[in-house]
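Novice: The structure under discussion is supplied below as structure tokens; questions concerning it will follow.
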Amino acid sequence: MKNLVLLLAILDLAIALAVPGVAWIVDSQMGTEVQMIAPHAKEVAAMERLLADENTPVVSLYGEPLGEPVRLVLFDDSKLVVPEENPKLRLLPVDKQSGENPLQAKTVWFAAKWASIISAIFGLAGIGLWLFLRSRRNNAA
Amino acid sequence: MKTMLSLAIAIFAITTLSDANAQTYDFKVDSKFVNITFESKMDLEDIVGTSRTVTGTAKLTKGATSFDISVPIDSMMTGIEVRDDHMRNEYWLNAAKYPNIRFYGQSIKEIGGGVYEVAGKFVMRGVEKPLTVKVNVAKIPADKAGAAGMEKVNWVRLRASFKIKLSDHGLKVPEMAAAKVADEWNVSISIFGKEVSK
Chain L
442 MKNLVLLLAI
452 LDLAIALAVP
462 GVAWIVDSQM
472 GTEVQMIAPH
482 AKEVAAMERL
492 LADENTPVVS
502 LYGEPLGEPV
512 RLVLFDDSKL
522 VVPEENPKLR
532 LLPVDKQSGE
542 NPLQAKTVWF
552 AAKWASIISA
562 IFGLAGIGLW
572 LFLRSRRNNA
582 A
Chain A
70 MKTMLSLAIA
80 IFAITTLSDA
90 NAQTYDFKVD
100 SKFVNITFES
110 KMDLEDIVGT
120 SRTVTGTAKL
130 TKGATSFDIS
140 VPIDSMMTGI
150 EVRDDHMRNE
160 YWLNAAKYPN
170 IRFYGQSIKE
180 IGGGVYEVAG
190 KFVMRGVEKP
200 LTVKVNVAKI
210 PADKAGAAGM
220 EKVNWVRLRA
230 SFKIKLSDHG
240 LKVPEMAAAK
250 VADEWNVSIS
260 IFGKEVSK
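Okay, structure coming up:
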């Protein structure tokens with residue numbers, strides 16, 4: 442029992458330490474800063490080009506921005522659009538009406554933070570319990 | 070008799086003139102001509118959603134402007150079905166009781182460069198609040214619409230961005246959702262309407 446408690450406590454502490462590392466790897470290796478857009482239909486895109494002037498944001502030619510640029514992870518990057526008008530932009534058409542909801546890096550970090558905190562609490566509680574069980578056994582002996 | 074005839078001619082002339090200036094646009098069009106987005110920015114995540122459905126009309130006749138635009142809550146999607154169901158339930162937008170979000174009024178003033186100041190009432194969850202929005206209005210002649218592959222009639226495109234506070238409409242974000250859902254939402258609309266009368 443005592444050894445099992447110690448094992449679980451160490452496992453929890455290891456998870457607490459590993460989770461932020463995993464989040465960092467996911468973010469840095471699989472994350473991209475993109476501007477999500479609700480894409481225009483073909484006719485609307487053609488009309489937007491006819492209506493555009495020098496003040497028209499490039500994004501508006503392709504769709505309506507879905508918020509501000511955001512860092513996404515684990516998404517299908519073959520869908521990325523690189524506008525010829527501004528090749529620095531990365532536009533990701535997202536069809537919310539079909540249930541698309543790409544994973545945001547900040548959601549990963551938020552989940553990692555809490556998973557780490559909770560694992561650390563369980564780990565430390567486990568160590569405490571293990572010390573308690575050990576001292577009780579030593580006293581009994 | 071002569072006076073009556075002159076009066077009749079004058080009334081006919083005024084009516085004809087005002088009809089010639091009348092521009093009423095219908096926004097109940099194919100969903101591909103509607104692109105409405107809404108966004109909440111919070112620490113945990115940015116919630117962004119869209120609607121591709123709008124109904125209503127706008128009358129841009131000089132001296133007699135009006136508009137009445139509605140978006141069905143059921144058409145608003147955030148990409149997660151469970152979240153959409155929550156958004157529609159009685160604690161949030163209560164779609165069963167208040168199926169539409171509506172913006173209506175009569176004040177449309179041109180302030181230059183194709184930009185109009187539109188003032189009216191914004192109605193959400195049955196609570197009306199005054200709202201003034203700057204709207205970019207592009208009137209599109211039939212020829213230009215045809216060139217873009219759209220139906221060859223006169224169109225108008227309205228584009229606007231504004232902010233809405235849930236608390237202004239009697240909706241307090243519960244504590245347990247406070248990290249996820251903002252009180253203030255950014256809304257952007259880009260909608261096309263077809264001219265229905267001349």
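If you read the protein sequences in the order shown, they are chains L and A.
Here the working numbering runs 441 ahead of the position in the first sequence, where the first position is 1.
Here the working numbering runs 69 ahead of the position in the second sequence, where the first position is 1.
All C-beta atoms, glycine included, are put in the ideal place defined by N, C-alpha and C.
Computed from a prediction, not measured in an experiment: that's the story for all the values here.
#1: Measure the C-alpha to C-alpha separation of residue 543(L) and residue 265(A) and round it to an integer number of angstroms.
#2: So residue 564(L) and residue 453(L) are in contact, right, with Cβ under 8 angstroms, and what is the actual spacing, rounded?
#3: Taking C-beta to C-beta, are residue 505(L) and residue 104(A) nearer than 7 angstroms?
#4: Identify, in the order they occur along the chain, each residue of the same chain with its Cβ nearer than 6 angstroms to the Cβ of residue 524(L), setting aside the five sequence neighbours on each side.
#5: Near residue 187(A), which residues of its chain fall below 6 angstroms by C-beta distance, leaving aside the five closest residues on each side in sequence?
#6: Would a check of beta-carbon distances place residue 171(A) closer than 7 angstroms to chain L?
#7: Are residue 247(A) and residue 491(L) closer than 7 angstroms when you measure CB to CB?
#8: Kindly say whether residue 249(A), judged by its beta-carbon, lies nearer than 7 angstroms to any beta-carbon of chain L.
#9: Residue range of the beta strand (DSSP E) that residue 563(L) falls in?
#10: Anyone know if the C-beta pair for residue 538(L) and residue 146(A) falls short of 7 angstroms?
#11: Can you have a look at residue 228(A) and say buried or exposed, based on whether 16 or more other CB atoms are within 10 angstroms of its CB?
#12: Using a C-beta to C-beta distance shorter than 8 angstroms, which residues of chain A count as neighbours of residue 457(L)?
#13: Any idea what DSSP makes of residue 411(L), helix, strand or coil?
#14: With H, G and I counted as helix, E and B as strand and the rest as coil, what does DSSP make of residue 131(A)?
#15: Using a beta-carbon distance below 7 angstroms, is residue 259(A) in contact with chain L?
#16: DSSP has residue 139(A) in a bridge; who is on the other side?
#17: Can you tell me which residues form a DSSP beta bridge with residue 227(A)?
#18: Per the DSSP calculation, residue 111(A) is bridged to which residue(s)?
#19: Select from the region 463-489 of chain L all residues with a C-beta closer than 8 angstroms to any C-beta belonging to chain A, and list them in chain order.
#20: Using a beta-carbon distance cut-off of less than 8 angstroms, what residues from the region 508-521 of chain L approach chain A?
#21: If residue 515(L) and residue 532(L) are in contact, beta carbons under 8 angstroms, what's the gap, nearest whole angstrom?
#22: If you measure beta-carbon to beta-carbon, which residues of the region 520-543 of chain L are closer than 9 angstroms to chain A?
Specialist: Based on what the coordinates show:
#1: Here residue 543(L) corresponds to residue number 102 of the first sequence, with the count starting at 1. Here residue 265(A) corresponds to residue number 196 of the second sequence, with the count starting at 1. One C-alpha to the other measures close to 40 angstroms.
#2: Numbered from 1 along the first sequence, position 123 holds the residue referred to as residue 564(L). Numbered from 1 along the first sequence, position 12 holds the residue referred to as residue 453(L). The Cβ separation is near 3 angstroms, so the contact holds.
#3: Counting from 1 along the first sequence, the entry for residue 505(L) is found at position 64. Counting from 1 along the second sequence, the entry for residue 104(A) is found at position 35. Yes, the Cβ-Cβ distance between residue 505(L) and residue 104(A) is below 7 angstroms.
#4: Residue numbering aside, residue 524(L) sits at position 83 when the first sequence is read from its first letter. Excluding positions up to five away in sequence, the list reads 499, 530.
#5: Counting from 1 along the second sequence, the entry for residue 187(A) is found at position 118. Result list for residue 187(A): 177, 202, 204, in chain order.
#6: Here residue 171(A) refers to the residue found at position 102 when the second sequence is read from its first residue. For residue 171(A), the answer is no, since every Cβ of chain L falls outside 7 angstroms of its Cβ.
#7: The sequence position of residue 247(A) within the second sequence is 178, counting from 1. The sequence position of residue 491(L) within the first sequence is 50, counting from 1. Their beta carbons are not under 7 angstroms apart, which means residue 247(A) does not touch residue 491(L) by this criterion.
#8: Residue mapping note: residue 249(A) aligns to position 180 of the second sequence, counting from 1. No, no contact with chain L.
#9: By 1-based counting over the first sequence, the position of residue 563(L) is 122. Counting along the chain, residue 563(L) falls outside any beta strand (DSSP E), though it belongs to the alpha helix (DSSP H) covering 546-581.
#10: Locating residue 538(L) in the first sequence gives position 97, counting from the first residue. Locating residue 146(A) in the second sequence gives position 77, counting from the first residue. Yes.
#11: Taking the first residue of the second sequence as position 1, residue 228(A) is located at position 159. Burial call: buried.
#12: Here residue 457(L) refers to the residue found at position 16 of the first sequence. Simply none; closest approach about 20 angstroms.
#13: No information on residue 411(L) is available, as it lies outside the stretch 442 to 582 that chain L covers here.
#14: Stepping through the second sequence from its first residue, residue 131(A) is reached at position 62. Reduced to three states, the DSSP call for residue 131(A) is coil.
#15: Position 190 of the second sequence, counted from the start, is the residue given in the question as residue 259(A). True, the Cβ-Cβ gap to chain L drops below 7 angstroms.
#16: The count along the second sequence starts at 1 and reaches residue 139(A) at position 70. Looking at the DSSP assignment, residue 139(A) forms a beta bridge with 124(A), 171(A).
#17: Here residue 227(A) refers to the residue found at position 158 when the second sequence is read from its first residue. DSSP, once it has assigned bridges, lists 206(A), 260(A) as partnering residue 227(A).
#18: Against the second sequence, residue 111(A) aligns to sequence position 42. Answer is none; residue 111(A) lacks a bridge partner.
#19: 477, 479, 481, 482, 483, 484, 485, 487, 488
#20: 508, 509, 511
#21: If you number the first sequence from 1, residue 515(L) lands on position 74. If you number the first sequence from 1, residue 532(L) lands on position 91. No, residue 515(L) and residue 532(L) are not in contact; Cβ-Cβ is about 18 angstroms, not under 8 angstroms.
#22: 535, 536, 537, 538, 539, 540, 541, 542, 543
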